[in-house]
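Here the structure is laid out as structure tokens; the discussion comes afterwards.
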Amino acid sequence: MIFLSLFLSIDWHQLLLQSVVGFNRYVLYYFLTLNTVYLLLFIVSLFEVVRFVRRTFFSDYQQILKSEMTWPISIIVPAHNEERGIVETVRSLLQLNYGEFEVLVVNDGSKDNTLERLVRAFDLRKTDRIYRRTLPTARVRGIYASLEVPNLVVVDKEQGGKSDALNTGINLSRYPLFCSVDADSVIEENALLRVVKPFMEHPEEMVAVGGIVRIVNGCEVRDGRVVRISLPRKALPVFQVVEYLRAFLSGRIGWSVLRSLLIISGAFGLYKKSDVVAVGGYDSFTDTEDLELVVKLHEHLKKQKTKYRIVFVPDPVCWTEVPERFKTLLLQRNRWHRGMLQSFSRHWRMLLNPRYGVIGTVALPYFLLFEVLGPFVEVLGYLSVILAYFLGILNMEFFLLFLLVAIFYGVFLSIAAVLLEEISFRRYPAWEDLARLIWYAVWENLGFRQLLALFKVKAFFDFILRRRRWGEMGHRGFQPAAPVAYR
Amino acid sequence: MSEILIRALWILGGVLFFLSIYIIANKALRETTERRVAWMRGELEPKVLEYLNGKGERLGAVLPPLGRTERRVVEEVLLDNGRFLKGNARDRITAACEDLGYVRDRTRQLKSSRWWRRAEAAEKLGTMKSPKATAELIALMRDEMPEVRMRAARALGQLETRSSVKPLIGTLQDPNRWSALRIADILAGMGPEAADELVESFATLPAKARVAAVDCLGRVKSHRAAGLLIKLLSDPDRDLRARAAHSLGLIGDPNFTPDLQRALKDPAWPVRAMAAKALGKLGRPEAVAPLFDLLKDREWWVRINAAEGLRSMGDRGLAALVNAIDSEDRYARHAAVATLEGAGVLDQYVEKLVSADEQEREAALTLIRKIVAAERTDHLMQAASRHAQEKVREQLARLLAPGDVKVQVKA
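If you're matching them up, the sequences are chains A and B in order.
For the first sequence, position 351 (counting from the first letter as 1) is numbered 351 according to the working numbering, and the numbering increases by one without interruption.
One gets the working numbering by counting positions in the second sequence from 1 and adding 1000 to each.
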């Protein structure tokens, strides 16, 4: 009875008004905090990029190539239904400029002709190679070696997923460092020399090094090499070019400087094998095995109180294909976000735990506040504006000004990423490409970013409902691109 | 509040505008400068090359009066050529750099407050090879920036003066391991003089520098370092023991065999691997048996080095590898067969299956039967289906048939 009278006594209209106003105020503060963090990361990255470029001028990669002390590397390429591009990928890897390395392609139960194409292209034969099964994996059906290329090994195994394929590669790898490379990617000729340098400088401490991932759509690839770099013609991949520039040049460099790098892209990362084996290798528990591995490494090494480094270097480039259709993009982003939530839920004990240093006290809270909750705040923010409009409490002038500031700020961060690219690596030499990058940096904030927020909200519900769907990327394979004429 | 937002909008709009203009202007300026420099180079380079080919006593006399950018272009041409030219032309480059004041300018630049300017100056002075800058470069070895120390070290290495050796050895303790290795490279390039100095100062070097020093001693192949290296085989540091074993192999004196044989029993696998490699290089018959035992090692690298060591020992080593195919240990069998395959020995035996010499035929049959029994038939199966001679294919098919394997013989 008391509850009923209490319930009736509440002024629901007033409460709703106050909630909407309160939430909008929260959105304002959230926006300010988020963008301050982004700005700080950008400033840190700017200094680091300039320092890095200056250091790169004196990098002596030829000495690394010639030195007997350079660590040999096993390149592991998990491949599932990759018949369209696998031969090109392997060719590009075999051409890498590096002293001693082996390429291990793990055919993870492909249902297409991935294995047959490799056998034919490289004259493979089945071998009796023995290896130690350090990490448990699905059954290996056969190991193939090349008659022509002594440093190529192809492993045929039952399907167990990408992480299982990578673990199989680790079991078979001979060298102390391994590099994970996606089968749909092209690694630049000197990328291994560049990515191994941190290991040469700090061999005792270095655990993992990530390289930059750039978008190959629109570029011309011949014989496994990117021979002409240009932006894609379609809008969706160009939006992703801007997004990748921002994520890698601003985000990852910044986190790397703060010694809190949580993501090394699965497309291209170099790891010390002994440390990865010590944490049990890749995990099939999550949909983003790359993120999970790095978080696991941080947790393990911090617990061991070991002095270690996990860093990002912005110049070894891995070129990869990105979705050109919204549906594929949705599936990809859904998987990424779901994977992040899965890893987060597994390692939540690290959150705000000073035992884990900057990772526990800064990086993980950032991920919770801005990566996990961010999309909700953004989507709910738009809804609350609509609600406020219908409730008649929307200050239209304030709203429009706020919206403009938010958009301008987003544009600023994207243009800043273009600036970082232009003052440092300058991979897009054409004037047209630069103009298009600036143009898309503006337009990316008017729809594309909001769409990504919606994808992430959907991914959150998929995570709660334990829906797991990988989604096919639908790669086109590396065909020489048609000449591009920009108008 | 709206006021603040309007201000923020103005600021952001302004920043955006200037950022975009800056990006465009930066690119335009860069491209224009590059084009201008390329044009100037096209004009000046032939004159510089004429001088390098012996025309005129002084480069300054051959060239027209130079502006600031032109001076930079001439310096660039001289340095580009200085990286690969030798002999008289090389000396003329040094003389030109001294004459035109490049050595003086770059020596002054060594005192710049910006580290990359100091590094650049050191790098260029190294290519100029002018001994006038030695003292300043030695002083630069104490620079706070590793990149600068590295460049100074390289420049000193290029000058190849005795006074450079000591400061270079001092820099071996650089906390950046790669820098230390690079300095060891430079020292190794300086020859026995550097090695003698290294042996003398080894005891005073910190632990980290010692690995690089040991590496350097091996590459110089200094016999004077032998005693020190042998002693280091019992050092508590695993890396030092491994590098010492490697260096003894590089020096290549057969008298090191007993010490390296002891190192084969080291608890650390990198030491065993390096000792096996070194023994392979020494090639003494008494090392065959211990290397044979090492084929069973749990570490791939040790096994493969032991097998490679045996392979490089000639007939005795090959015989040991053939014997290892009977081993009960599957790792040893694998390493032996893989090495015989890699060395092309297995293919030679396959050829001998149809030899006119009965002894050769018998030896080939015995080896192939062993491999079939050891279940390492992949290479033979391949040969059975692809060999050029039909008789060999048939013979191999017969040998492989009794087992579980099925071979399709090419028609």
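Each residue gets a CB set at the ideal place from its N, CA and C atoms; glycine is no exception.
If you're wondering where the values come from, they're calculated on a predicted model, not measured in any experiment.
Worksheet item: Hey, how far is the Cα of Glu1360/B from the Cα of Lys1352/B?
Response: Those two C-alpha atoms are separated by around 6 Å.
Fill in: Same chain, Cβ closer than 7 Å to Leu452/A, neighbours up to 5 away in sequence not counted
Arg333
Fill in: Counterpart residues of Phe425/A in DSSP-defined beta bridges
None; Phe425/A has no bridge partner.
Discussion item. Using a 10 Å radius around the Cβ and a threshold of 16 neighbouring Cβ atoms, would you call Asn1053/B buried or exposed?
Written reply: Exposure of Asn1053/B is indicated by the presence of fewer than 16 other C-beta atoms within 10 angstroms of its C-beta.
Discussion item. Taking CB distances under 8 Å as the criterion, tell me whether Asp1185/B reaches chain A.
Written reply: yes
Worksheet item: Does the stretch 398-405 of chain A come within contact of the stretch 36-56 of chain A, defined as at least 3 CB pairs closer than 8 Å?
Response: no
Item to complete: Mind checking which residues open and close the alpha helix (DSSP H) that includes Ser274/A?
Response: In the DSSP assignment, Ser274/A falls within the alpha helix (DSSP H) that extends over Lys273 to Ala278.
Worksheet item: Can you list, in chain order, the residues of its chain whose CB lies under 8 Å from that of Pro480/A, leaving out five sequence neighbours each side?
Response: Residue confidence is low: Pro480/A scores 40 on pLDDT, short of 50, so the model does not pin down where it sits. Its coordinate-derived value is still stated next. Taken in chain order, the residues that qualify are Glu220, Val221 and Arg222.
Worksheet item: Near Ala482/A, what residues of its chain come up, given a Cβ to Cβ distance below 7 Å and the 5 sequence neighbours on each side ignored?
Response: With a pLDDT of 37 at Ala482/A, under the threshold of 50, the modelled position of that residue is not reliable, and the figure given next carries that caveat. So no residue of the chain qualifies.
Worksheet entry | 6 Å Cβ shell around Ala1121/B - same chain, five flanking residues per side excluded | Arg1106, Gln1109 and Leu1110
Worksheet item: Listing by chain order, which chain A residues have their CB less than 7 Å from the CB of Lys1370/B?
Response: Neighbours of Lys1370/B on chain A: none; closest Cβ ~14 Å, over 7 Å.
Worksheet item: How about Ala416/A: is its C-beta nearer than 8 Å to some C-beta of chain B?
Response: yes
Item to complete: Give the interface partners of Val1015/B over in chain A, defined as CB-CB distance under 7 Å, in chain order.
Response: Phe412
Discussion item. Just to confirm my understanding: we take Val411/A, look at its own chain, exclude 5 residues before and 5 after, and list those with CB closer than 7 Å. What are they?
Written reply: Closer than 7 Å at Cβ, skipping near neighbours: Ala441, Val442 and Asn445.
Worksheet item: By the 10 Å Cβ neighbour count, where 16 or more other Cβ atoms means buried, how is Gln342/A classified, buried or exposed?
Response: buried
Item to complete: Taking 8 Å as the threshold, find out whether the stretch 1002-1019 of chain B comes into contact with the stretch 365-373 of chain A through three or more Cβ pairs.
Response: no
Discussion item. So Ile64/A and Lys272/A are supposed to be a Cβ contact under 8 Å. How far apart are they, rounded?
Written reply: 17 Å between Cβ atoms; not a contact.
Practice prompt. Please confirm if the stretch 274-294 of chain A is in contact with the stretch 226-233 of chain A, defined as three or more CB-CB distances below 8 Å between the two stretches.
Written response: No, because fewer than three Cβ pairs between the stretch 274-294 of chain A and the stretch 226-233 of chain A fall closer than 8 Å, the two stretches do not touch.
Worksheet item: Taking DSSP as the reference, what is the three-state secondary structure of Asp1235/B?
Response: coil
Worksheet item: Which whole-angstrom value describes the C-beta separation of Thr320/A and Ala267/A, a residue pair presumed to lie in contact below a C-beta threshold of 8 Å?
Response: 5 Å
Discussion item. Can you pull the chain A neighbours of Ile1006/B, defined as C-beta to C-beta under 7 Å?
Written reply: Leu401
Discussion item. Taking the alpha carbon of Asp1297/B as the reference point, which residue from Asp1266/B, Asp1315/B, Arg1210/B and Leu1044/B has its own alpha carbon closest?
Written reply: Asp1266/B
Fill in: N-terminal and C-terminal residue of the alpha helix (DSSP H) that Arg1386/B is part of
Asp1378 to Arg1386
Item to complete: Rounded to whole angstroms, what's the CA-CA distance from Gln1395/B to Phe122/A? Just pull it up for me.
Response: 27 Å
Discussion item. Can you check whether the C-beta of Glu102/A is within less than 8 Å of a C-beta belonging to chain B?
Written reply: no
Worksheet item: Where does Gly224/A sit, in a helix, a strand or coil, going by DSSP?
Response: coil
Worksheet item: Which term fits Val358/A, buried or exposed, when burial requires 16 or more other beta carbons within 10 angstroms of its beta carbon?
Response: exposed
Fill in: Enclosing alpha helix (DSSP H) for Arg120/A [first to last residue]
Thr114 to Phe122
Worksheet item: Just the Cα atoms here: how many angstroms apart are Phe199/A and Ala1207/B?
Response: 19 Å
Discussion item. Give me the chain B residues within the contact set of Val405/A, using Cβ-Cβ distance strictly less than 7 Å, ordered along the chain.
Written reply: Leu1005, Ala1008, Leu1009 and Leu1012
Worksheet entry | Distance, Asn190/A Cα to Phe1292/B Cα | 39 Å
Fill in: Min CB distance Lys303/A to chain B below 8 Å
no
Worksheet item: Mind checking Asn217/A: buried by the 16 CB within 10 Å criterion, or exposed?
Response: buried
Practice prompt. Count the other CB atoms, across all protein chains shown, that sit within 10 Å of the CB of Asn107/A; report buried if there are 16 or more and exposed otherwise.
Written response: buried
Worksheet entry | CB contact below 8 Å: Ser1002/B versus chain A | Chain A places a beta carbon closer than 8 Å to that of Ser1002/B, counting this residue as a contact.
Fill in: DSSP three-state assignment for Leu39/A, whether helix, strand or coil
helix
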